[in-house]
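Mapping the sequence shown onto our numbering, position 97 (from 1) lands on 708, and the numbers just tick up by one. Where a beta carbon is used, it is the ideal one built from N, C-alpha and C, also for glycine. No experiment lies behind these values; they were computed from the predicted model shown.
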Amino acid sequence: MRFFKSVWGDAGYLKFIDRCERQLAKVLGLVLLVLIAAASLQLVWQVFWSLVSPNTAWLNSRLMEVLGDLLSLLIALEVLQNITSYLRKHVIQIELVLLTAITAVSRKVIVLPHGAEAKPQLLAGLGLAVLALTASYWLVHSLSRESSVATKKEPATGNPELDL
Numbered sequence: 612m613r614f615f616k617s618v619w620g621d622a623g624y625l626k627f628i629d630r631c632e633r634q635l636a637k638v639l640g641l642v643l644l645v646l647i648a649a650a651s652l653q654l655v656w657q658v659f660w661s662l663v664s665p666n667t668a669w670l671n672s673r674l675m676e677v678l679g680d681l682l683s684l685l686i687a688l689e690v691l692q693n694i695t696s697y698l699r700k701h702v703i704q705i706e707l708v709l710l711t712a713i714t715a716v717s718r719k720v721i722v723l724p725h726g727a728e729a730k731p732q733l734l735a736g737l738g739l740a741v742l743a744l745t746a747s748y749w750l751v752h753s754l755s756r757e758s759s760v761a762t763k764k765e766p767a768t769g770n771p772e773l774d775l
């Protein structure tokens, strides 16, 4: 009975969940790394053959496709950074998550299809998302900077005369 309590008690259960969570994050990170590598090779291959082909017109939708693919790869890299940061510090870093979200919304704005200007609700929603995410990032970044400055200003010795 004691073994059962140690395994399924709160501390044992939380330790088990934590281990599973970390292992799953490692597997997902590895899958994402393989996906990023394969997609990068495919993008390089497509751009190379588009450059070699004289029939490729870059000033049409092809340029937007390449930019969209490139930004998607950057977003995937940021997600991989989020996973590795979580594994290193065992804390979700909200600044990285917000930067990833800002990049994702920015990608959506950059590769908006023709005719999107006829959808004011979409444009307003994207604009509000950009404003909310950047305001959130600014707030989190400001608070983390203030807390790091406050930590540095704490007296080292406890004696105000020596800390000058």
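Let me confirm a value: residue i is counted as buried when at least 16 other C-beta atoms fall within 10 Å, else exposed. Which label applies?
i: Asn-693; result: buried
i: Val-642; result: exposed
Determine the closest residue to residue i out of the options, with distance taken between C-alpha atoms.
i: Leu-644; options: Trp-660, Ser-664, Leu-685, Ala-715; result: Leu-685
i: Ser-755; options: Glu-706, Lys-700, Ser-696, Gly-640; result: Glu-706
i: Arg-633; options: Ala-668, Ile-703, Ala-648, Ala-649; result: Ile-703
i: Ala-744; options: Ala-712, Gln-653, Ile-628, Val-663; result: Strictly speaking, residue 744 in this sequence is Leu, with Ala absent from that position. The shortest Cα separation from Leu-744 among Ala-712, Gln-653, Ile-628, Val-663 belongs to Ala-712.
i: Glu-689; options: Tyr-697, Leu-670, Leu-710, Leu-674; result: Leu-710
i: Pro-739; options: Ala-622, Cys-631, Val-720; result: Looking at the sequence provided, one finds Leu at residue 739 rather than Pro. Of the listed residues, the one whose Cα sits closest to Leu-739 is Val-720.
i: Leu-654; options: Arg-673, Ala-668, Tyr-624; result: Arg-673
i: Leu-635; options: Gly-623, Trp-669, Tyr-697, Pro-665; result: Tyr-697
i: Ala-687; options: Trp-656, Thr-667, Ala-649, Trp-669; result: Ala-649
How long is the line joining the alpha carbons of residue i and residue j, rounded to whole angstroms?
i: Lys-728; j: Val-677; result: For the record, residue 728 in the displayed sequence is Glu; it is not Lys. Using only the alpha carbons, I get a separation of about 21 Å.
i: Thr-714; j: Arg-699; result: 23 Å
i: Val-760; j: Ile-647; result: 37 Å
i: Val-751; j: Ser-651; result: 32 Å
i: Thr-695; j: Gly-640; result: 7 Å
i: Leu-723; j: Val-741; result: 14 Å
i: Lys-730; j: Lys-626; result: 49 Å
i: Asp-621; j: His-701; result: 19 Å
i: Val-663; j: Tyr-748; result: 42 Å
i: Val-638; j: Cys-631; result: 11 Å
i: Gly-679; j: Ser-758; result: 37 Å
i: Pro-665; j: Leu-734; result: 36 Å
i: Phe-659; j: Tyr-624; result: 52 Å
i: Gly-726; j: Ile-628; result: 48 Å
i: Thr-667; j: Ser-753; result: 46 Å
i: Gln-732; j: Ala-746; result: 21 Å
If I'm right that residue i touches residue j with Cβ under 8 Å, what's the distance once you round it to whole angstroms?
i: Leu-737; j: Val-716; result: 6 Å
i: Leu-682; j: Arg-718; result: 4 Å
Tell me whether residue i counts as near the ligand FMN, meaning its Cβ is closer than 7 Å to at least one heavy atom of that ligand.
i: Arg-699; result: This structure does not include the ligand FMN; it has no bound ligands of any sort.
Whole alpha helix (DSSP H) elements within the segment 640–712, 4-residue minimum: 672–700
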